[in-house]
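Every letter in the sequence shown is one number past the one before it in the numbering used here, and letter 81, counting from 1, is 91.
This report refers to the structure that appears directly beneath it.
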Amino acid sequence: MPEAERLQEECSLGYASRCPRLPVERLWDAVRFAVSSENASRVCLAYVCEKNHLPAEHGKLEFLLQDRTWARSHTDLRVQRMAECFLDSWLERKRSSTPAESQNENLHEQS
């Protein structure tokens, strides 16, 4: 693990092009996600893979909430794993922003 100063100055802010741990040969510099639509049964994500501050690839992913499965996933397992982490975080934030619903879920779990 690099020391704190190196992480701060070379690796953590924006594009980490000065980070010595960054592979020279890479498909993308950044992968970004956003929720493009949602309803009671599904969440759709838009993603953009960037290279040199420009879009290099983009698309949509779709997660079925009831089945807890991906109806449309990414073929690159690294991007898919990042999408799963993004979705987990988004769902957690959404749950904690609706306390009444969270309390109802907890009551059902205890029954």
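Don't be surprised by glycine CBs; every beta carbon is placed ideally from N, CA and C.
Note that this is a predicted model, so its numbers are computed, not measured.
- By the 16-neighbour rule on beta-carbons within 10 angstroms, Leu55 is buried.
- Non-local beta-carbon contacts of Ala40 in its own chain, meaning distances under 6 Å to residues more than five positions away in sequence, involve Glu60 in chain order.
- Counting C-beta atoms within 10 angstroms of its own C-beta, His68 has fewer than 16 neighbours from the protein chains shown and is therefore classed as exposed.
- Per DSSP, the unbroken alpha helix (DSSP H) holding Leu101 starts and ends at Leu87 to Ser107.
- Taken atom to atom, the span from the alpha-carbon of Ala81 to that of Pro65 is near 24 Å.
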